[in-house]
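K.L.:
Residue numbers (this note's numbering): 769 to 1052.
A single structure is presented below for examination.
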């Protein structure tokens, strides 16, 4: 039960942060957002992990797994996710990204021996079908920016995110210190983004920090909740439950972003189908 609660809280926290970010996206770009959020994560979690984790308890294999997971997500995934948000809009981006429980569940079954039942496979079909509906919604609505080729960003983000959850879970299996996992992950992402900061220092400026440090804190909190959810639950249970995030995003967008994004009935059907699939995977 605790893993279910933590997963849903993760979804709510991330959804709130995504909508807040979307409000400022027109005056910035996805690289600046990624840099700010990563630096906020390093600032928040590095001192906490040092203070709360005895140095003699460090497990190098677990450390390496957390580093790899962080390089993948939030590292690569965050760049792809926010690029997708910039190109196709928050609603479409979040809905397609919701397919990552498909990849996480399959990978967890293969590498962690988590069981996938018929209900889980049915959930996989629902998630993928919902993603197709969302893709088709792009063609007939001018409110969505970009062409269909730009859907590659959220799809790649979904595949890599699914893999990263399995790596995170395995890291927790051998080194059960969630706050260290989050801290190492942010450090790995920071190292990935460092060449970008050195090559284009203008992408990191006072304006971007002012816009995005608050949602950055929210995303940090969400990552910590996620690690604790994975600590207490299976990947194939936790990751689908996080996919109530699109529902939270739709509700928040309806309230805050009416003038920025238009939510069509087709998009709602696609999102609901994705969420239904995620629930089926969880119940299985």
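Ideal Cβ positions, reconstructed from N, Cα and C, are used throughout, including at glycine.
(1) Quick one: using the 10 Å Cβ neighbour count with 16 as the cut-off for buried, is residue 1023 buried or exposed?
(2) Assuming contact is defined by CB atoms lying nearer than 7 Å, are residue 1042 and residue 887 in contact in what I supplied?
(3) I need the boundaries of the alpha helix (DSSP H) containing residue 839, first residue and last residue.
(4) Three Cβ pairs or more, each shorter than 8 Å: is that satisfied between the region 811 to 828 and the region 939 to 951?
(5) Find out if the Cβ-Cβ distance for the pair residue 1049, residue 995 is shorter than 7 Å.
(6) Would you call the CB atoms of residue 806 and residue 933 closer than 7 Å?
(7) Does the structure place the region 780 to 787 close enough to the region 984 to 1001 that three or more beta carbon pairs sit under 8 Å?
(8) Go through its chain and collect everything with a Cβ distance to residue 833's Cβ below 8 Å, but skip five positions before and after it.
(9) Distance check for residue 835 and residue 814, CA to CA, integer angstroms please.
(10) Rounded to a whole number of angstroms, what is the C-alpha to C-alpha distance between residue 1040 and residue 979?
(11) Using the Cα positions of residue 848 and residue 925, report the straight-line distance between them to the nearest angstrom.
P.N.:
According to the structure shown:
(1) It counts as exposed.
(2) No, the Cβ-Cβ distance between residue 1042 and residue 887 is not below 7 Å.
(3) Run containing residue 839: none; DSSP gives neither H nor E here.
(4) Contact between the region 811 to 828 and the region 939 to 951 is present: three or more C-beta pairs spanning the two stretches fall below 8 Å.
(5) Taking C-beta atoms as the reference points, residue 1049 and residue 995 fail to come closer than 7 Å.
(6) Not closer than 7 Å, so no.
(7) Taking a cut-off of 8 Å on C-beta distances, the region 984 to 1001 touches the region 780 to 787, as three or more cross pairs fall below it.
(8) Setting aside the 5 residues that flank it on each side, residue 833 is surrounded in the same chain by 935, 936, 938, 939, 942, 943, each with a C-beta closer than 8 Å to its C-beta; the list follows chain order.
(9) Rounded to whole angstroms, residue 814 to residue 835 spans 14 Å at the Cα level.
(10) If I take the Cα positions, the gap works out to 31 Å.
(11) Approximately 5 Å, taken between the alpha carbons.
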